[in-house]
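Here is the structure we will look at, set down as structure tokens.
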Amino acid sequence: MRFWPALLCCLLLGMPVLAAEGPPTPAPLEAAVRAHTSSKALHQFYETRGFQPAWFSYDGTVRPQAREYLAALCEAETEGLWPERYRRAELEAALHRLTLDAEPGDAWVEVELGLTSSFLTYASHLLSGQVSSRGLRWRTKPPGPVVLAAVLEGTLASGDLSGTLRSLSPSNEGFVRLREALARYRALAAAGGWPLVPEGKPLERGMRDSRVVVLRERLRATGDLPSSAEERLLYPGAPGVGVAALVGDLVRAAMEEPAPESPKKPVPEDLYDAEVEEGVKAFQRRHGLAVDGKVGGETLKALRVPVEERIAQLLVNLERWRWAPRELGTRYVMVNLPAFELEAVDQGRTVLRMPVIIGQREWSTPVLREEVEYLVLHPTWYVPSQITAEEVLPKLREDPGAAARMGLTTYDRATGEPVDPSTVDWSGLEAGSLPYRFAQDPGSDNPLGRVKFMLPNRFSIYLHDTPNPKLFAEAQRAFSHGCIRVAEPAKLADFLLRGHEGWTEETLAAAMAEEGGKQRRVELPAPVPVYLLYWTSFVDAEGRVQFRPDVYRQDGAVKRALAVKPVPAAGESPAACGGARG
-4 MRFWPALLCC
6 LLLGMPVLAA
16 EGPPTPAPLE
26 AAVRAHTSSK
36 ALHQFYETRG
46 FQPAWFSYDG
56 TVRPQAREYL
66 AALCEAETEG
76 LWPERYRRAE
86 LEAALHRLTL
96 DAEPGDAWVE
106 VELGLTSSFL
116 TYASHLLSGQ
126 VSSRGLRWRT
136 KPPGPVVLAA
146 VLEGTLASGD
156 LSGTLRSLSP
166 SNEGFVRLRE
176 ALARYRALAA
186 AGGWPLVPEG
196 KPLERGMRDS
206 RVVVLRERLR
216 ATGDLPSSAE
226 ERLLYPGAPG
236 VGVAALVGDL
246 VRAAMEEPAP
256 ESPKKPVPED
266 LYDAEVEEGV
276 KAFQRRHGLA
286 VDGKVGGETL
296 KALRVPVEER
306 IAQLLVNLER
316 WRWAPRELGT
326 RYVMVNLPAF
336 ELEAVDQGRT
346 VLRMPVIIGQ
356 REWSTPVLRE
366 EVEYLVLHPT
376 WYVPSQITAE
386 EVLPKLREDP
396 GAAARMGLTT
406 YDRATGEPVD
416 PSTVDWSGLE
426 AGSLPYRFAQ
436 DPGSDNPLGR
446 VKFMLPNRFS
456 IYLHDTPNPK
466 LFAEAQRAFS
476 HGCIRVAEPA
486 KLADFLLRGH
496 EGWTEETLAA
506 AMAEEGGKQR
516 RVELPAPVPV
526 YLLYWTSFVD
536 AEGRVQFRPD
546 VYRQDGAVKR
556 ALAVKPVPAA
566 GESPAACGGA
576 RG
């Protein structure tokens, strides 16, 4: 009879009542978690929730979230990821077996841990990439650390698995555009891709050749071959079609008076006419080639790249976006190294764009994120140690007069005093212990031109003017020793010094043009981030998908690290998600 007073006391005090038979013990799940040594995030997740299951009830009944997650996992394809990398089909099959088993026992525990491990891995890949950027020549800081266990707990609580997972991907416009391009190119692949223009002699306007028939088909596949605005409106997803250009064509067509109808003789498909020439030029622009309208060596090589290879290129660059900082800032400068282009962004709008010259392959410009702190007008060029070792010292060993011919002054490293190079025995000196340094005074022949932009970094890389602007006309502009030469230094300086009293583009240009000007340091009102990045594929503001040569041959290493899989042949579809790609 003592039981009832005790029960009444518990009820009155709001204490929990201990039943004779409680829920099943969590021991099987806890034991499995503790045996699972490969994932700290998985341990953290279950320890935080007291080893309570997330995807199942203790009787082995699957909760709706499990199937919702597997359905959401199909969206991995649109992100450039692979559902089967996260065991989707395997987990789907395991769930199905459990529903058929009348007495599943503890079999649900293994599936529970599989679902959790899959989610944590997928979330990690969405956030910061499938592979580490270390060792892949990418040196920007990745997105800040995220507690994945907390992400999963919050996702289960919100009930919006698909939405939460989508929110983990980069929201940067560059990533979003590239992801959309991936879907379009996969659709092209599913439709059979495009033909590869046969090898042969160069093609140009006025020629008739059976290969031109294939060339036309190839250019039409990616929207490079000009066609009517009405036709392009029917196919707005064509990779080469820009929305702004399309709208402009429609407006112009509406304003023009209709021309009197006259019978037109059909153009032979094998004729390389003006239309084909314009299509080739559009293709060349999208691929960073010399725009001459002719199908020569480099253009033919690009025309023979299959759609599967372009898709792999898109996947590589989507991965690079996951390595990049999520917030670039309100004002920044970005240089895309393979595109040889700089853009300055203010409040999300590109306000300045210009060509640049980057390092040669053996003097490659590194990927990095630093800040411009100041600029130097009429800079002195201090010869870097590597250039001294590889170019200056060998010439001095042959002829001490080489320094003067190179425009260099020799200085004693200890005293800073000028030294006559003819008084030095250069034959016995090694670059690593050289007691001299070399510099070139400001002037019209100075390699840095009239201004340099300083962003302190361990590679001694900076941006600067150049006395040889003719090289900006080249399509491929990897000519420097690693630093970046800019085509319009006065405009860049104006952007960086905005808000600095007394400096405008005009006063900067005048100061730079001053003959015999002395070296002068000008501090920025505030440091401006500079990103030196490596995109071999991207989508421009007009919606055109752009590809660039892999100037430093970095794509291959990323492809191998990702183990990028080939696109299935037309008509195939991934069984795991039961639908077509793209």
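Counting along the sequence shown from 1, when you hit position 340 you're at 335 in our numbering, and nothing is skipped either side.
All residues carry an ideal CB built from backbone N, CA and C; glycine is no exception.
Because the structure is a prediction, the values reported are computed rather than measured.
For residue i, the three-state DSSP class (helix, strand or coil)
i	result
Asp489	helix
Ala118	helix
Lys276	helix
Gln60	helix
Met401	coil
Leu160	helix
Glu225	Note that Glu225 scores a pLDDT of 42, beneath 50, so its modelled location is shaky and nothing firm can be said.
Glu25	helix
Leu147	helix
Trp(-1)	For Trp(-1), the predicted model reports a pLDDT of 36, less than 50, meaning its position is unreliable; a value from the coordinates is still stated below. Note: Trp(-1) maps to helix in three-state DSSP.
Ile456	coil
Thr345	strand
Leu466	helix
Ser52	coil
Pro19	In this predicted model, Pro19 has a pLDDT of only 49, less than 50, meaning its place in the structure is not dependable; the value taken from the coordinates is given anyway. Three-state DSSP puts Pro19 in coil, outside helix and strand.
Ala571	Confidence in Ala571 is poor, its pLDDT being 48 and thus under 50, which makes the residue's placement unreliable; the coordinate value appears in the next sentence. Coil at Ala571, not helix or strand.
Tyr230	Unreliable placement is indicated for Tyr230, whose pLDDT of 41 sits below 50; no coordinate value is reported for it.
Glu322	coil
Leu370	strand
Where the alpha helix (DSSP H) through residue i begins and ends
i	result
Arg181	168 to 185
Asn312	302 to 318
Ala521	Run containing Ala521: none in the alpha helix (DSSP H); it sits in the beta strand (DSSP E), 515 to 528.
Gln39	35 to 43
Met507	500 to 508
Asp550	550 to 557
Gly292	292 to 298
Ala84	83 to 95
Arg206	205 to 216
Selected residue, minimal CA-CA separation from residue i, among the options
i	options	result
Gln47	Leu191, Trp103, Leu90	Trp103
Leu370	Gly411, Glu336, Lys486	Lys486
Arg172	Trp316, Ala398, Thr405	Trp316
Arg555	His373, Glu314, Gly324	Glu314
Thr461	Pro374, Trp530, Arg29, Glu509	Pro374
Val490	Glu500, Leu177, Gly218	It is worth fixing the name first, because residue 490 is Phe in this sequence and not Val. Minimum Cα distance to Phe490 is reached at Glu500.
Val540	Ala118, Glu175, Leu295	Glu175
Glu98	Asp54, Leu131, Leu466	Asp54
Gly288	Asp219, Glu483, Trp133	Asp219
Arg321	Ser123, Arg432, Glu385, Pro361	Ser123
His38	Pro78, Thr73, Leu108	Leu108
Arg493	Gly551, Ala339, Arg206	Ala339
Tyr377	Ser417, Phe433, Ser422, Glu357	Phe433
Asp394	Ser417, Ala409, Thr405, Thr404	Ser417
Residue i - containing beta strand (DSSP E), residue span
i	result
Thr360	It is not in any beta strand (DSSP E) - Thr360 carries neither H nor E in the DSSP assignment.
Tyr327	326 to 331
Lys447	446 to 449
Arg480	479 to 481
Arg392	Note, Arg392: premise wrong, no beta strand (DSSP E); alpha helix (DSSP H) at 388 to 393.
Ala285	Unbroken run through Ala285: none, as it is neither H nor E.
Ser475	473 to 475
Heavy atom of the ligand GDP within 8 Å of residue i beta-carbon
i	result
Ala506	The model depicted lacks the ligand GDP and carries no ligand whatsoever.
Beta-carbon separation (whole angstroms), residue i vs residue j, contact threshold 8 Å
i	j	result
Val553	Val302	The Cβ separation is near 19 Å, so there is no contact.
Leu372	Ala506	6 Å
Leu298	Arg213	6 Å
Leu93	Val106	7 Å
Quiz item: When the Cβ atoms of the segment 56 to 72 are set against those of the segment 148 to 156, are three or more pairs found closer than 8 Å?
Solution: Taking one beta carbon from each stretch, the segment 56 to 72 and the segment 148 to 156 have 3 or more pairs nearer than 8 Å; the two touch.
Quiz prompt | Meets three-Cβ-pair contact criterion under 8 Å: the segment 329 to 343 and the segment 389 to 408 | solution = Not touching, per the Cβ criterion.
Quiz item: Are three or more beta carbon pairs between the segment 373 to 390 and the segment 536 to 551 nearer than 8 Å?
Solution: The answer is no - the segment 536 to 551 does not touch the segment 373 to 390, with fewer than three Cβ pairs under 8 Å.
Practice problem: Assess, as a yes-or-no matter, whether the segment 288 to 307 is touched by the segment 174 to 194 under the definition of 3 or more beta carbon pairs within less than 8 Å. | Solution: In this structure the segment 174 to 194 touches the segment 288 to 307; the number of beta carbon pairs closer than 8 Å is three or more.
Exercise. Could you tell me whether the segment 349 to 360 touches the segment 459 to 478, using the rule of 3 or more Cβ pairs below 8 Å?
Key: Of all C-beta pairs linking the segment 349 to 360 to the segment 459 to 478, three or more are shorter than 8 Å, placing the two stretches in contact.
Quiz item: If you pair each beta-carbon of the segment 156 to 171 with each one of the segment 266 to 274, do three or more pairs fall below 8 Å?
Solution: The segment 266 to 274 and the segment 156 to 171 do not touch, with fewer than three beta-carbon pairs separated by less than 8 Å.
Exercise. Would you check if there are 3 or more beta carbon pairs closer than 8 Å linking the segment 442 to 457 to the segment 386 to 394?
Key: With a cut-off of 8 Å, the segment 386 to 394 and the segment 442 to 457 do not count as touching, because too few Cβ pairs lie within range.
Quiz item: Do the segment 70 to 82 and the segment 126 to 146 touch if we need at least three Cβ pairs shorter than 8 Å?
Solution: Contact fails: fewer than three Cβ-Cβ distances are below 8 Å.
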